[in-house]
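Residue numbers (our numbering): 431 to 535.
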């Protein structure tokens, strides 16, 4: 028979959930602010060429978010590569090894 959770644990869980919800709402607010700034910039008719560096430098929090996004994307790419290595021929693997060696030199 399953045990009932204690009222203390339930209150603790509720506080944890509330805290996480507040963090999520803050993150959504920051992302909305960044998106609005980017859309204002690219919709400006005077801007002929979109300058990514300008956006990253002049949109609060965007550079940090972009760096975090790139790092998480890097991890995904690394995992995809690891999974696909078993499907490659020996010749292809040797070619990759040579590219890695060249990069390390």
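Virtual Cβ for every residue (Gly too), placed ideally from N, Cα, C.
In three-state DSSP terms, what is residue i?
i           : result
residue 480 : coil
residue 487 : helix
residue 408 : Residue 408 lies beyond the stretch modelled for the chain, which goes from 431 to 535, so this question has no answer here.
residue 381 : Nothing can be reported for residue 381, as the shown portion of the chain is limited to 431 through 535.
residue 535 : coil
Contact check, residue i vs residue j under 8 Å by CB: the rounded distance?
i           : j           : result
residue 471 : residue 485 : 6 Å
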